[in-house]
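Peer 1: The structure's right below; bear with me while I get my questions together.
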Amino acid sequence: GESVGLHLPTLSVQEGDNSIINCAYSNSASDYFIWYKQESGKGPQFIIDIRSNMDKRQGQRVTVLLNKTVKHLSLQIAATQPGDSAVYFCAENMSADTGRRALTFGSGTRLQVQP
Amino acid sequence: GAVVSQHPSWVICKSGTSVKIECRSLDFQATTMFWYRQFPKQSLMLMATSNEGSKATYEQGVEKDKFLINHASLTLSTLTVTSAHPEDSSFYICSATNQGNTEAFFGQGTRLTVV
């Protein structure tokens, strides 16, 4: 299943299934995007990033897809595990400003993995 | 990745008192640090941007006299919540970066409860 990241929605999946978390960004000038995982009571943890000159990037069990035309970003998690349960945020920036300008965070999606 | 340490991880204080939160970059020099506030089930909202050796830049609606930020060295920034009130209870998160570094590194957050 998939979910749109508005008002912290919840995506519930079965262990072993694939998860798709979506994010819409608003700044057309943004060219650097990051997905973060945040567990309860902890700070955001970097998962994967992508620049606007790419439309897909793969990591270990995760894939980020970028559609600049519709300003949409998605995170795919393969073979979802209970340890993947957390809130996931997309964040955007302009690469020329990284190091000086803060990331802008999306509203987040809670992923619940059912055993 | 680089390590950012935030202290304390949680604090309970009485209404009207002040609380100081520290954010340290342990293995790199942070030219810029960012302070975020996160209310339950919400995303991270930027409070201020802090550059070493200069005054912090506050986001609209954030009272600079209430949230004092000091970034006196390249490895330490502090946020002091002055005359705290229950509505200041929140999760405060810092992140640190250096110019040209595309990734921002986050602290583990501080849960502030004002009673």
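Chains as they are written, first to last, in the numbering used here: chain A, 1416 to 1530; chain B, -14 to 100.
Here a beta-carbon is modelled for each residue, glycine too, at the ideal position from N, C-alpha and C.
Because the structure is a prediction, the values reported are computed rather than measured.
1. Go through its chain and collect everything with a Cβ distance to Glu1417 (chain A)'s Cβ below 7 Å, but skip five positions before and after it.
2. Does the distance from the CB of Ser28 (chain B) to the CB of Gly1523 (chain A) come in under 7 Å?
3. Whole angstroms are fine: how far does the CA of Asn55 (chain B) sit from the CA of Val1419 (chain A)?
4. Report the rounded CA-to-CA distance for Lys1471 (chain A) versus Ser80 (chain B), giving the unit in angstroms.
5. Once DSSP output is grouped into helix, strand and coil, what is the label at Glu1507 (chain A)?
6. Using the three-state DSSP reduction, which class does Glu7 (chain B) fall into: helix, strand or coil?
7. Assess, as a yes-or-no matter, whether the region 1492 to 1506 of chain A is touched by the region 1447 to 1455 of chain A under the definition of 3 or more beta carbon pairs within less than 8 Å.
8. Going residue by residue through the region 1432 to 1462 of chain A, where are the continuous beta strand (DSSP E) segments of at least 3 residues, counting only ones entirely within it?
9. Does the distance from the CB of Ser35 (chain B) to the CB of Ser62 (chain B) come in under 7 Å?
10. DSSP three-state call for Asp50 (chain B): helix, strand or coil?
11. Kindly list the residues whose CB is nearer than 8 Å to the CB of Ser68 (chain B), restricted to its own chain and excluding five residues on each side of it in sequence; keep chain order.
12. Consider the Cβ of Lys26 (chain B): report whether some Cβ of chain A lies at a distance smaller than 7 Å.
13. Flag Gly92 (chain B) as yes if its beta-carbon sits less than 7 Å from any beta-carbon of chain A, otherwise no.
14. In terms of residues, what are the limits of the beta strand (DSSP E) holding Thr1478 (chain A)?
15. What alpha helix (DSSP H) runs, 4 residues minimum, are completely inside the region 29 to 75 of chain B?
16. Check for me: the beta strand (DSSP E) holding Thr1425 (chain A) runs from which residue to which?
17. Give the interface partners of Pro1424 (chain A) over in chain B, defined as CB-CB distance under 8 Å, in chain order.
18. Which same chain residues end up closer than 7 Å to Gln14 (chain B) when comparing Cβ atoms and leaving out the 5 residues on each side of it in sequence?
19. For Leu97 (chain B), which of helix, strand or coil comes out of DSSP?
20. Could you please give the first and the last residue of the uninterrupted beta strand (DSSP E) stretch that includes Met18 (chain B)?
21. Within 10 Å of its beta-carbon, does Arg1466 (chain A) have 16 or more other beta-carbons around it, so buried, or fewer, so exposed?
Peer 2: With the structure as the only source:
1. Reliability of the predicted coordinates at Glu1417 (chain A) is poor, the pLDDT of 37 falling under 50, and the value obtained from them is presented with this limitation in mind. Around Glu1417 (chain A): Ile1435, Asn1437.
2. Ser28 (chain B) is a Cβ neighbour of Gly1523 (chain A), given a cutoff of 7 Å.
3. Confidence is the limiting factor: at Val1419 (chain A) the pLDDT is only 34, short of 50, which leaves the residue's position unreliable, though a coordinate-based value still follows. Between the alpha carbons of Val1419 (chain A) and Asn55 (chain B) lies a distance of about 38 Å.
4. Distance between the alpha carbons of Lys1471 (chain A) and Ser80 (chain B) is about 26 Å.
5. Three-state DSSP puts Glu1507 (chain A) in a strand.
6. Looking at Glu7 (chain B) - three-state DSSP - the assignment turns out to be strand.
7. Between the region 1447 to 1455 of chain A and the region 1492 to 1506 of chain A there are three or more C-beta pairs closer than 8 Å, enough to call the two in contact.
8. The qualifying runs are 1434 to 1439, 1447 to 1453.
9. Their beta carbons are under 7 Å apart, which means Ser35 (chain B) touches Ser62 (chain B) by this criterion.
10. Reduced to three states, the DSSP call for Asp50 (chain B) is coil.
11. By the criterion of a C-beta distance shorter than 8 Å, Ser68 (chain B) is surrounded in its chain by Gly1, Thr2, Ser3, Lys51, once the five residues flanking it on both sides are discounted.
12. Lys26 (chain B) counts as touching chain A.
13. Taking 7 Å as the threshold, the shortest C-beta distance from Gly92 (chain B) to chain A falls below it.
14. Per DSSP, Thr1478 (chain A) is one residue of the beta strand (DSSP E) stretching across 1477 to 1482.
15. Counting only runs of 4 or more, we get nothing.
16. 1425 to 1429 is the span of the beta strand (DSSP E), which, as asked, contains Thr1425 (chain A).
17. Residues of chain B whose Cβ lies closer than 8 Å to the Cβ of Pro1424 (chain A) do not exist, since the nearest Cβ in that chain is about 11 Å away.
18. Excluding five sequence positions before and after Gln14 (chain B), the CB atoms of its chain that fall closer than 7 Å to its own CB belong to Leu59, Thr60, Asn83, given in chain order.
19. Three-state result, Leu97 (chain B): strand.
20. Taken as a continuous stretch (DSSP letters only), the beta strand (DSSP E) holding Met18 (chain B) covers 17 to 23.
21. Residue environment analysis places Arg1466 (chain A) among the exposed positions, since fewer than 16 neighbouring C-beta atoms fall within 10 angstroms of its C-beta.
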